[in-house]
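To start, the structure under review is shown below, and the notes come after it.
There are 2 protein chains.
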Amino acid sequence: MEFIFLIVPVSSIVALGFAVILIFYILKKPEGGPLLVRIAEAVREGARGYIRRQYTVVSIFFGIVFGVLLVLAVLRLVPPPVPFAFLTGGFFSGLAGFIGLSVSTRASARTAYAAKRSLNASLRIAFSSGMVMGLVVVGLALLDLSIWYTLLNWIYKAKPLSEKIEIITSTMLNFGMGASFQALFARVGGGIFTKAADVGADLVGKVEKGIPEDDPRNPAVIADNVGDNVGDVAGMGADLYESYADSIIATMALAVAAGLGLKGVLLPMAIAGAGLFSSIIGYFFVHTKEEATQSALIWALRRGIYGASFLVAILSIPVVYFVIGRENMGVYLSILCGLSAGVIIGFFTEYFTSDTYPPTRAISASSATGPATVILEGLSVGMLSSVPVVITVVLAIIGSFLFAGGGVNFNMGLYGVGIAAVGMLSTLGITLATDAYGPVADNAGGNAQMSGQPPIVRERTDALDALGNTTAATGKGFAIGSAALTALALLVAYRNEILLRGKSIEIVITNPRLLAGIFIGSMLVFWFCALIIKAIGRAAQSIVMEVRRQWKEIPGLREGKRKPEYEKAVVICTRSAQREMILPAISSMIAPIVTGILLGVEGVLGLLAGAITTGFAMAIFMANSGGAWDNAKKYIEKGNYGGKGTEAHKATVVGDTVGDPLKDAAGPSLNILIKMMSMVSIVFLGLVLAVSIFR
Amino acid sequence: MEFIFLIVPVSSIVALGFAVILIFYILKKPEGGPLLVRIAEAVREGARGYIRRQYTVVSIFFGIVFGVLLVLAVLRLVPPPVPFAFLTGGFFSGLAGFIGLSVSTRASARTAYAAKRSLNASLRIAFSSGMVMGLVVVGLALLDLSIWYTLLNWIYKAKPLSEKIEIITSTMLNFGMGASFQALFARVGGGIFTKAADVGADLVGKVEKGIPEDDPRNPAVIADNVGDNVGDVAGMGADLYESYADSIIATMALAVAAGLGLKGVLLPMAIAGAGLFSSIIGYFFVHTKEEATQSALIWALRRGIYGASFLVAILSIPVVYFVIGRENMGVYLSILCGLSAGVIIGFFTEYFTSDTYPPTRAISASSATGPATVILEGLSVGMLSSVPVVITVVLAIIGSFLFAGGGVNFNMGLYGVGIAAVGMLSTLGITLATDAYGPVADNAGGNAQMSGQPPIVRERTDALDALGNTTAATGKGFAIGSAALTALALLVAYRNEILLRGKSIEIVITNPRLLAGIFIGSMLVFWFCALIIKAIGRAAQSIVMEVRRQWKEIPGLREGKRKPEYEKAVVICTRSAQREMILPAISSMIAPIVTGILLGVEGVLGLLAGAITTGFAMAIFMANSGGAWDNAKKYIEKGNYGGKGTEAHKATVVGDTVGDPLKDAAGPSLNILIKMMSMVSIVFLGLVLAVSIFR
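Residue numbers (our numbering), protein chains in the order written: chain A, 1 to 695; chain B, 696 to 1390.
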């Protein structure tokens, strides 16, 4: 039986190998004329600068937490391998982000240049770049898993099988925290960076007449491009690395309680392997004709995702049958619940944020009465959009629970919920690709415009960029949906860990400590969003100052005779992002610990439940309000309601500016908050049990 | 022992008697010159029209639900008196709203006229009008309670005491639903009405140049004034009537489970009585000097509230000692927890929404970069404000639980939570007065302006109006805080009801059905807000149309030679409000029933917990964002950042317009949602248990 585990290292090698092939494929392509290269180089430079500084800060943070974990390990409050697994998790997640960013910043000029030749060639480059990110995330996560699983098997080889499995899964459950921290910095820091640049570049036109937003003379414009890569490639990658790894280890831990033993531990790994192969095959479905309409382009990507999903759905039948046997085939339906929930969430996201449907058009229409009605309409669209998405996830939870046999064996049902998360994330290789494709296309469009390419190039890159906006919205829906399911699996695994330690707990919903925890968890969602929105506001103000300074002090800049000091704006964004990270990072880390100490583990379980549920609805609201505002503005720019430059357009620009921090920073950061707090709760369980007032 | 119950009818008579005295005191005052009278008459006319139509719709709704309840009573799925108690609760709550509205619309012109003579005289009239609302709510709620308690005692007089108590409290627990429905229509309908008029009047200036917002030529101006009374007097009154009644009956039910028996049942009633007397004495503390500053005026009202709170805190010592004995004195501290939480929430609300503190000033400052930054800053201020308020309530919950002895006797602790809600609401007579005072002062200011009173009058009514804005914000904080505590008490009582029926339930937090319920509860908060914001947008658009029509079709209106048809705008608002009510009303009613059928009572408990926690944080966020935007605009109107008419001012006007529906309609409607769903869950428990899939 145990040989099934070999799927994991093999999948890892295949994923990384295929990523290397794609990297060579991309780098072989010409980068284009000198101007294109120069702009791309500036973005690359900025991204490198950001990542260098970010990883410095992250290293310090990791050093401190590593020290704390070492102490806890010595005190036997965490299993001894945890501090080291914390480091490897962080390292691999960081490495994935670094590789993804290096490739995406090299792909954008090549995408723009290839557009001279053909739309399909251009699409292939941008999509391949996204695919590298997807493959590297999956490959490195599985590599980390392989190494530790093998190592722990070797360490505990003397123990009897069932005991060994219990120790290994319980130990590995603690391993997600490294990836959590990396995700926190990448997603939240990246989000603040990108929106500070974006909002700052946007606002400066308000206070200083004549500085256009997308113009090489605007010193913030490179920072804005850097931000796209930093936030949507590296940030999104780290976010989903965490979900991917956590969903697998949580399900492994749940397998033991469900009484499935080794078979149940191996299944999530096998499903991950099946998903990876499906993703790679799906990659080859993505291509387009030369004269493609927007919807044909969307279908080019959809073919990839739907193809991979369909394939993994088929492959999972023999996998489940072979690994956990005919008597547990209900688990297969649990996997389908997760898979289809991912697809359905994507559909609803598109409905609420694309300008081909009524909700976004209603926002455009509301611009007739000014910015206030645009904001109100957008708020209500976003809030409304959370309804079908939450219902979808609820159905997936209940369905996966019941199909796995939760009606008879409660823990078996919970295992079903975990495996649903694994199922949803199994095709991550390609879903992340469609997501990380966006910034490449976006940058390609920006480069094409700034370097004055011929109209056909701009037309093609614009088409790819528009496609990127759609996939960005659906990608966010997928990210939060999977984060919610993963966090839920972690919550359940957390409760099992408590029971494993022989602690009796009173976790009924009417326990005031648990209820108090739910209140606090809900509230933390608001706290986190407030911090991040504030941070972006402050950082954007510094960008405005800097742009004004440069326009005042650099002679010839206004006339386009001299280049602005792009790197200064990048540095400001980087510094702001890193500084503003500290409070959210610390609060999401200490909240579960302090709650545990003051209200006991019952309070922590409440906290997690409150944060997951409120955070989920809030994240969807923010992502979709923001996406809808963005597209409502674009819809007017297409010439509706008077088009660009009218009062109606200005009103939707306000909506877009409000939506930017919500959809790209505050909203996605909630994915991190809910997973991070679950992970911290698990790792610091020993400490909390030792020092809590309610023991 | 049982004679303690007599406090209730006596308090009721005293409250109603004192209200009658105040009504005579107000009506004795002169209403002023013919113009003042005419404007006041128009507002009164509009309010009457609204209330007539609302009560017609409400009657139909009550008829239907009464029929349903009768069927359930025949099927023995609810106790037989429930259908009738449903009617009396609705009737008394409606009557309270009617009386409050009749008085407030008669007090505003008198307040304006008295301002000619003296600030103190003016304050006394406006505050007395608010006090009538407070007294009538408390008086009628206690009257309803007295009648039913006496009646049930008589019906079950043959039963042994402990059994009788159990039947009575368990039956009376079902009695809150009438007040719930009335509150739903008054608060949500009133909220939609008032904001449709307000936002519509505001927007019309955007599309039609030259129609000023506060001008007798604007046909929506009377509807706007009517709205203030309808939303903030009748709506707020019905909202708090429900909280007041529900907190008492929930605590009575919890007393039985706590093993306190009759003593525990009598205590909440006795505390309510002590609170009423304290409120009346507090009334006499409210007066001011002639040359009062703004802060002196605020202190005039605070003296009343703080005085009453202090008094009830003192009075409760002998009451608790005498009613439930020395061994239970911890319960006294639970009462203090509730009382002080109410006061602390008021303080935080003021901090986040008053322009004398940094948060609101930061919003004003952000106007330099346009409306988008005003919106973002306001969102983050509101979200941040939920943090200390939630922590306050959490401390109150945990404190009241532990002080009452929850560490030893779990049910005793839960009784403590219930009695904390009763404590918080005990001074409702006067806290509601400071709240319902606001619209009177607001209308007085409007009347003074429209009738062209001398500057000294305007100065004084402006000062009273500004004070009203502050109390409106703190009143909202109090309303949502008490709603959360009350809903929590109902949630716990609901669980006891389930156990009483001998049903075994699995209400641990890891039960997926319960978790799914939390997801749905959280989501319903977003759904509810989205519906209401959308509804206001639609209604405001109809107002815009109507105003434009009148300006086009009525000759001489533009020049002020002819009066607009005010009543048409009132009718549009009324119709919209009633029509838009239906979906929120139905969804908050059927959500717990459908959830119960599909996910069992475990799902319902999750639903309630999710809705209460998310709804609480969301309601605070919305109320305080809105309040802060409002005052940030006013701060600029005082001459800061360039003052009225500048771009900065326009930016904050956008903030104010966005905030209006959030703070006065969507936010407060969440109070109703969470209480209503708890109440519906209790009443339809029998039905759900009979037909649920998970029995």
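The C-beta atom is built at its ideal place from N, Cα and C for all residues, glycine as well.
Per DSSP, reduced to three states, the secondary structure at residue 1203 of chain B is strand. DSSP places residue 263 of chain A in the uninterrupted alpha helix (DSSP H) bounded by 261-283. Under the Cβ criterion of 9 Å, residue 1172 of chain B is not counted among the residues facing chain A.
Contact of residue 1242 of chain B with chain A is not assigned, every C-beta pair being separated by 9 Å or more.
Put simply, the CB of residue 148 of chain A is far from chain B, with every gap to its CB atoms at 9 Å or more. Contact with chain A is found for residue 1236 of chain B, since one of that chain's Cβ atoms lies less than 9 Å from the residue's Cβ. Within the same chain, Cβ atoms closer than 6 Å to the Cβ of residue 1347 of chain B are found at 1062, 1069, 1327, 1328, 1331, the five residues on either side in sequence being excluded. Taking residue 528 of chain A as reference, the option from A/102, A/427, A/673 with the minimal CA-CA separation is A/673. Distances from the CA of residue 1126 of chain B to each of B/1108, B/796, B/1040, B/1311 were compared; the closest alpha carbon is that of B/1040. Contact between residue 308 of chain A and residue 279 of chain A holds, with the beta-carbon distance rounding to 5 Å and staying under 8 Å. In this structure, residue 1349 of chain B lies near residue 654 of chain A, with their beta-carbon atoms less than 9 Å apart. Of all residues in the segment 754-780 of chain B, none comes within less than 9 Å of chain A when Cβ atoms are compared. Only buried fits residue 1114 of chain B, as 16 or more other CB atoms lie within 10 angstroms of its CB. For residue 855 of chain B, there are no neighbours in chain A by C-beta distance under 7 Å, as the nearest C-beta there is about 28 Å away. CA-CA distance, residue 881 of chain B to residue 613 of chain A, rounds to 30 Å. According to the DSSP assignment, residue 1110 of chain B belongs to the alpha helix (DSSP H) that extends over 1105-1120.
For the segment 371-392 of chain A, the set of residues with a beta-carbon nearer than 7 Å to any beta-carbon of chain B comprises 371, 372, 373, 375, 376, 377, 379, 380, 383, 384, 386, 387, 390, in chain order. Going by beta carbons, residue 127 of chain A and residue 301 of chain A fall inside the 9 Å limit. Cβ atoms of residue 31 of chain A and residue 109 of chain A come within 8 Å of each other, at about 5 Å.
Linking residue 1271 of chain B to residue 757 of chain B through their CA atoms gives a straight-line distance of about 20 Å. Inclusion of residue 1234 of chain B and residue 887 of chain B in the CB contact set at 9 Å is warranted, their separation being smaller than that value. For residue 613 of chain A, the enclosing alpha helix (DSSP H) begins and ends at 566-637. Ranking A/129, A/299, A/287 by CA distance to the CA of residue 234 of chain A puts A/129 first. Per DSSP, the continuous alpha helix (DSSP H) segment holding residue 164 of chain A begins and ends at 161-172. The residue among A/68, A/137, A/66, A/80 with its C-alpha nearest the C-alpha of residue 100 of chain A is A/137.
Listed along the chain, the chain B residues whose CB falls inside 9 Å of the CB of residue 486 of chain A amount to none; the nearest CB is some 14 Å away. Residue 76 of chain A: not part of any alpha helix (DSSP H); DSSP gives it neither H nor E.
Taking a C-beta distance under 9 Å as the contact criterion, residue 1301 of chain B and residue 509 of chain A qualify as a contact pair. A residue is called buried when at least 16 other Cβ atoms come within 10 angstroms of its Cβ; residue 1042 of chain B does not meet this threshold and is exposed. Contacts with chain B at 9 Å (Cβ-Cβ) do not include residue 224 of chain A.
The beta carbon of residue 573 of chain A is closer than 6 Å to those of 193, 196, 197, 223 in its chain, skipping five residues each way along the sequence.
Taking the Cβ atoms as the reference, residue 773 of chain B lies roughly 6 Å from residue 869 of chain B, within the contact range of under 8 Å. Cβ atoms of residue 425 of chain A and residue 482 of chain A come within 8 Å of each other, at about 5 Å.
Judged by their CB atoms, residue 525 of chain A and residue 791 of chain B are not nearer to each other than the 9 Å cut-off. In the structure shown, the three-state DSSP call for residue 649 of chain A is helix. No Cβ-Cβ contact shorter than 9 Å links residue 738 of chain B with residue 899 of chain B.
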